[in-house]
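*Asks:* The structure that follows is given in the form of structure tokens.
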Amino acid sequence: MNVLELRSISKVYGRGAAEVQALRDISLTVAGGSMVAVMGPSGSGKSTLLTIAGTLEEPSTGAVLVNGQDVAAMSGGAKARVRRRTIGYVFQDFNLLPGLTAAENVSLPLELDGTSARRAHLAGLKALEDLGLGDLARRFPDELSGGERQRVAIARAVVGERSLLLADEPSGALDSVNAEGVMRLIHTYCKRGTAAVVVTHDAQLASWADRVVFLRDGRIVDQTVPPPGPESLLEQPS
Amino acid sequence: MSVRHALLALLSEGPKYGLQLREEFEARTGEVWPLNVGQVYTTLQRLERDGLVEAVDEEAVEHDPLNTAPGAPQKAYRITFAGSDELAEWLRVPPDLSSPPRDELVMKVLIAVRVPGADVHEIIQAHRRHLVQLMQEWTRLKEEEADYDLPFSLVVDAELFRLDSVVRWLDAAEGRLRRAEEGGMPHNVDPQVSAQVQRRRRRLGAYQ
Chain A
1 MNVLELRSIS KVYGRGAAEV QALRDISLTV AGGSMVAVMG PSGSGKSTLL
51 TIAGTLEEPS TGAVLVNGQD VAAMSGGAKA RVRRRTIGYV FQDFNLLPGL
101 TAAENVSLPL ELDGTSARRA HLAGLKALED LGLGDLARRF PDELSGGERQ
151 RVAIARAVVG ERSLLLADEP SGALDSVNAE GVMRLIHTYC KRGTAAVVVT
201 HDAQLASWAD RVVFLRDGRI VDQTVPPPGP ESLLEQPS
Chain B
1001 MSVRHALLAL LSEGPKYGLQ LREEFEARTG EVWPLNVGQV YTTLQRLERD
1051 GLVEAVDEEA VEHDPLNTAP GAPQKAYRIT FAGSDELAEW LRVPPDLSSP
1101 PRDELVMKVL IAVRVPGADV HEIIQAHRRH LVQLMQEWTR LKEEEADYDL
1151 PFSLVVDAEL FRLDSVVRWL DAAEGRLRRA EEGGMPHNVD PQVSAQVQRR
1201 RRRLGAYQ
């Protein structure tokens, strides 16, 4: 089942002489349980692709389907629900609220979505524990290391069984050991059935993904071929 | 890779048999570099000739299950003082990190710029994809196994950083080529480059 499907997406900013074509004819599908990395240099359109996939921005042409539903056909309320309940976002600079503990940060999206404070709190603790972060629940962001903050941010992004995780350079601000911890966490979480799109310029981060898509000047120019699994050996003609 | 010094390092922990050395070498290098037992004995003989190890009586060796077969004559070795000095020295001496005289990928990109009809960006991307696919395979191995095996994770990290540096070079090369195409930098080397600069470049192994 494709959790995310982008069909011939284009995005143009500005008009006339100031027109900038940020994305050109992008088609991409991401199934549940798989992680796709979008790799490209600055200005290649990575972040635009992610904001459109996250329904935070509309494409100029083309369609975005989340769990098989065309986002453009949704009412404003339905779109907001998809944003709050289906999609989780992870940013490079964590964006945790400083006055709230890790557990409160994680449960906040559920509370904003109308879940009772008690149930949201329990779900927040569960998300932290699922990711092996239970010990951090009562700490405030300034009591956490960079790597811990980003792991809490991932827990916040996935709390309440989201099916799509979108991450923009999620480990860009971390050293390589912490970056690996963050990517390992995202990939582990994906294997439980969530779809993830990670945009990055870093090949080591991208190499955690099941598939790497290369973006240049707003266009997908190439992608990795999955390594042949044991099945391919069985399919060889005798 | 120095088998010689790896064996000295293993013997610095105490006397050992040849077969035991092979097993331990493979285990400590994450089983990435297989070593045949013939190589172990040849190396031990050379080390003995150079006075860096010496044969010992069997009783001096901690009993090893690999050597329980009756009638299997096994020689055990221990490190000498000269051997310990040699090992300490080797650990500190920087390895030869100079690049090969003509790095093949660098050559391919330099040549692709000049060959009529060759799309250098497409060629760079083909190499980038290949490298990222290799990195995916190493990362998969690390994800599955490295948690339990420190030497293996160290070896995998080294491989990933090496491949990553090649991808980064390709990214930088592409950026430079784009700027050149936009008129920022000439493709051709200025014939007026002074003899001194040329000499210096040749010493660095740059190709013109």
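Chains as they are written, first to last, in our numbering: chain A, 1 to 238; chain B, 1001 to 1208.
Backbone N, C-alpha and C define an ideal beta-carbon position, used for all residues, glycine too.
Under the three-state reduction of DSSP, which class applies to residue 11 of chain A: helix, strand or coil?
*Replies:* Here residue 11 of chain A sits in strand by DSSP.
*Asks:* Pairing CB atoms from the segment 188-197 of chain A with CB atoms from the segment 1116-1125 of chain B, are three or more of them under 8 angstroms?
*Replies:* The answer is no - the segment 1116-1125 of chain B does not touch the segment 188-197 of chain A, with fewer than three Cβ pairs under 8 angstroms.
*Asks:* For the 8 angstroms Cβ check, are there 3 or more pairs between the segment 1031-1041 of chain B and the segment 212-229 of chain A?
*Replies:* The answer is no - the segment 212-229 of chain A does not touch the segment 1031-1041 of chain B, with fewer than three Cβ pairs under 8 angstroms.
*Asks:* Given this structure, state the Cα-to-Cα distance separating residue 14 of chain A from residue 23 of chain A, to the nearest angstrom.
*Replies:* Straight-line Cα distance between these residues: approximately 13 angstroms.
*Asks:* Which term fits residue 1070 of chain B, buried or exposed, when burial requires 16 or more other beta carbons within 10 angstroms of its beta carbon?
*Replies:* Summary for residue 1070 of chain B: the model assigns pLDDT 49, below 50, so the residue's position carries little reliability; its value from the coordinates is reported in the next sentence. Result: exposed.
*Asks:* Pick from B:1139, B:1079, B:1158, B:1113: whose alpha carbon is nearest that of residue 1180 of chain B?
*Replies:* Residue 1180 of chain B has its Cα closest to that of B:1113, out of B:1139, B:1079, B:1158, B:1113.
*Asks:* Out of B:1202, B:1083, B:1057, state which residue places its alpha-carbon closest to the alpha-carbon of residue 1006 of chain B.
*Replies:* The residue with the shortest Cα to Cα distance from residue 1006 of chain B is B:1083.
*Asks:* May I ask you to list, following chain order, the residues of the segment 7-31 of chain A that have a beta carbon less than 9 angstroms from some beta carbon of chain B?
*Replies:* Here the close residues number zero.
*Asks:* By the 10 Å Cβ neighbour count, where 16 or more other Cβ atoms means buried, how is residue 95 of chain A classified, buried or exposed?
*Replies:* Exposed, since its Cβ has fewer than 16 Cβ neighbours within 10 Å.
*Asks:* Does the Cβ of residue 1107 of chain B have 16 or more other Cβ atoms within 10 Å, making it buried, or fewer, making it exposed?
*Replies:* Exposed.
*Asks:* Give the range of the alpha helix (DSSP H) segment to which residue 1107 of chain B is assigned.
*Replies:* Note, residue 1107 of chain B: alpha helix (DSSP H), 1104-1114.
*Asks:* Does any CB atom of chain B fall closer than 9 angstroms to the CB of residue 222 of chain A?
*Replies:* Chain B, which has a Cβ nearer than 9 angstroms to the Cβ of residue 222 of chain A, makes this yes.
*Asks:* Can at least three beta-carbon pairs, one atom from the segment 163-178 of chain A and one from the segment 86-95 of chain A, be found at a separation below 8 angstroms?
*Replies:* In short, these stretches touch, since the Cβ pair count reaches three.
*Asks:* Provide the residue(s) that pair with residue 199 of chain A in DSSP beta bridges, ordered along the chain.
*Replies:* Paired residue(s): A:38, A:168.
*Asks:* What residue range does the beta strand (DSSP E) around residue 213 of chain A cover?
*Replies:* Start and end: 211-216.
*Asks:* Taking 9 angstroms as the CB-CB cut-off, is residue 1070 of chain B touching chain A?
*Replies:* For residue 1070 of chain B, the pLDDT reaches just 49, beneath the cut-off of 50, and the residue's location in the model is therefore unreliable, leaving the point undetermined.
*Asks:* Less than 9 angstroms between the beta carbons of residue 49 of chain A and residue 29 of chain A, yes or no?
*Replies:* No.
*Asks:* Between residue 1043 of chain B and residue 1156 of chain B, what straight-line distance do the alpha-carbon atoms span, to the nearest angstrom?
*Replies:* Going by the C-alpha atoms only, they are around 26 angstroms apart.
*Asks:* For residue 219 of chain A, which residues does DSSP report across the bridge?
*Replies:* DSSP, once it has assigned bridges, lists A:216 as partnering residue 219 of chain A.
*Asks:* To be precise: take each residue of the segment 111-132 of chain A, compare its Cβ to all Cβ atoms of chain B, and keep it if any distance is under 9 angstroms. Which residues remain?
*Replies:* Residues: none.
*Asks:* Comparing C-alpha positions only, which one of B:1170, B:1174, B:1161 sits nearest to residue 205 of chain A?
*Replies:* Out of B:1170, B:1174, B:1161, B:1161 has the C-alpha closest to the C-alpha of residue 205 of chain A.
*Asks:* In the DSSP assignment, the alpha helix (DSSP H) including residue 1157 of chain B goes from what residue to what residue?
*Replies:* First-last of the alpha helix (DSSP H) with residue 1157 of chain B: 1150-1181.
*Asks:* Taking the alpha carbon of residue 146 of chain A as the point to measure from, which residue in A:73, A:201, A:182 has its own alpha carbon closest?
*Replies:* When each option's Cα is compared against that of residue 146 of chain A, the closest is A:182.
*Asks:* Whether or not the segment 120-134 of chain A and the segment 146-165 of chain A are in contact is what I'm after, with contact meaning three or more pairs of Cβ atoms, one per stretch, closer than 8 angstroms; do they touch?
*Replies:* Yes, the segment 146-165 of chain A touches the segment 120-134 of chain A.
*Asks:* Check whether chain A comes within 9 angstroms of residue 1240 of chain B, counting only Cβ atoms and requiring the distance to be less than that.
*Replies:* As shown, chain B starts at 1001 and ends at 1208. That puts residue 1240 of chain B outside it, with no answer to give.
*Asks:* Starting from residue 1164 of chain B, find everything on chain A with Cβ-Cβ shorter than 9 angstroms and list it in chain order.
*Replies:* Residues of chain A passing the Cβ test: 202, 203, 204, 207.
*Asks:* Considering only the alpha carbon of each residue, which of A:26, A:212, A:139 lies closest to residue 98 of chain A?
*Replies:* When each option's Cα is compared against that of residue 98 of chain A, the closest is A:139.
*Asks:* Quick one: is residue 224 of chain A buried, meaning 16 or more other Cβ sit within 10 Å of its Cβ, or exposed?
*Replies:* Classification for residue 224 of chain A: buried.
*Asks:* So is residue 5 of chain A in contact with chain B if we call contact Cβ pairs under 9 angstroms?
*Replies:* No, its Cβ sits nowhere closer than 9 angstroms to a Cβ of chain B.
*Asks:* Taking residue 73 of chain A as part of the beta strand (DSSP E), name the residues at either end of that continuous run.
*Replies:* Here residue 73 of chain A belongs to no beta strand (DSSP E), and DSSP marks it neither H nor E.
*Asks:* Along chain A, in chain order, which residues have C-beta atoms closer than 7 angstroms to that of residue 1139 of chain B?
*Replies:* Simply 207, 208.
*Asks:* Assuming residue 53 of chain A contacts residue 64 of chain A under a Cβ cut-off of 8 angstroms, what Cβ separation, rounded to an integer in Å, is found between them?
*Replies:* Right, the Cβ-Cβ distance comes to about 7 angstroms (below 8 angstroms), so this counts as a contact.
*Asks:* Anything in chain A within Cβ reach of residue 1020 of chain B, meaning under 8 angstroms, just list it in chain order.
*Replies:* Those within 8 angstroms of residue 1020 of chain B in chain A number zero; the least Cβ separation is about 33 angstroms.
*Asks:* Between residue 1016 of chain B and residue 1152 of chain B, what straight-line distance do the alpha-carbon atoms span, to the nearest angstrom?
*Replies:* Distance between the alpha carbons of residue 1016 of chain B and residue 1152 of chain B: 23 angstroms.
*Asks:* Counting along the chain, where does the beta strand (DSSP E) carrying residue 146 of chain A start and finish?
*Replies:* Where residue 146 of chain A is concerned, there is no enclosing beta strand (DSSP E), although the alpha helix (DSSP H) it sits in stretches over 146-158.
*Asks:* According to DSSP, is residue 1031 of chain B helix, strand or coil?
*Replies:* Coil at residue 1031 of chain B, not helix or strand.
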